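Peer 1:
Residue numbers (my numbering): 567 to 709.
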C-alpha cells in the first residue's frame, strides 16, 4: 500500500511543484495521527521528525498543501483551526464540537449528504461542511 507521503510527493511532482522536506513532514505528521492538530502542534511535531525545519517553513508548507487540495482545515470556534489530510488521502469526515465542554468528535462524512443534496437542489448552493465544526451538546454534558 502506498503511503500518504508517497502519494503526496507524486502529486506534487505531477503538478510541477517542489517536494520539500517541510511539505513531506507536514503530511507525515497528519498521516500519523487521528488528533485534531493546530498549525503550531503540526510545527512542533514536524520539527521533531526533521530537526532544523523552521516553524515558519512548516506554516508555508501547510498553506501550499491547502492550495493544492492535499490538506484541509476546519474552524473549531474557540478551539481554533485544525488541519488534516484532504481528499482520498484520508477518510472524509465531519467535526462535531460540544459547545459546553469543547470536545471535538469525528462523524462520518456522509451523515449530512441528504441535507447537502437538498440545499444544492433547492438553493443552488454547494455546502462544504467539512470546513466547519457543527456545534451542539455532547451526551456527557446532557447527562
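Idealized CB from N, CA, C, for every residue including glycine. Keep in mind that this is a model prediction, so the values were computed, not measured.
1) Just checking my contact of residue 643 with residue 663 at CB under 8 Å: how many whole Å lie between their CB atoms?
2) Take residue 695 and list the residues in its own chain whose beta-carbon comes closer than 6 Å to its own, dropping the five residues that flank it on each side.
3) Between residue 669 and residue 639, what straight-line distance do the alpha-carbon atoms span, to the nearest angstrom?
4) Rank 672, 647 and 646 by C-alpha distance to the C-alpha of residue 658 and give the top, closest one.
5) Use the C-beta contact count for residue 594: other C-beta atoms within 10 angstroms, 16 or more gives buried, fewer gives exposed.
6) Helix or strand or just coil, what does DSSP make of residue 567?
7) With DSSP run on the structure shown, which of helix, strand or coil describes residue 667?
8) With residue 623 as the anchor, note down where its alpha helix (DSSP H) starts and where it stops.
9) Contact check, residue 621 vs residue 609 under 8 Å by CB: the rounded distance?
10) Let me know if residue 700 comes out buried or exposed under the rule of 16 or more other beta-carbons within 10 Å of its beta-carbon.
11) Where does residue 567 land, buried or exposed, given buried means 16+ other C-beta within 10 angstroms?
12) Return the bridge partner residues of residue 641 from the DSSP annotation.
Peer 2: This is what the structure holds:
1) Residue 663 and residue 643 do touch by the CB rule: their CB atoms are close to 6 Å apart, below 8 Å.
2) Result list for residue 695: 660 and 678, in chain order.
3) In a straight line, the C-alpha of residue 669 is about 17 Å away from that of residue 639.
4) A check of alpha carbon separations from residue 658 across 672, 647 and 646 identifies 672 as the nearest.
5) Buried, by the Cβ-count rule.
6) Because residue 567 sits at a pLDDT of 43, beneath the cut-off of 50, its placement in the model cannot be relied upon, and the point is left open.
7) DSSP places residue 667 in coil when its eight states are reduced to three.
8) 621–633 is the extent of the alpha helix (DSSP H) around residue 623.
9) Correct: roughly 4 Å between the Cβ atoms.
10) Exposed, because fewer than 16 other Cβ atoms sit within 10 Å of the Cβ of residue 700.
11) The predicted model places residue 567 with a pLDDT of 43, which falls under 50 and marks its position as unreliable; any figure quoted below should be read in that light. An exposed status is given to residue 567, since fewer than 16 other beta-carbon atoms sit within 10 Å of its beta-carbon.
12) Per DSSP, 647 and 698.
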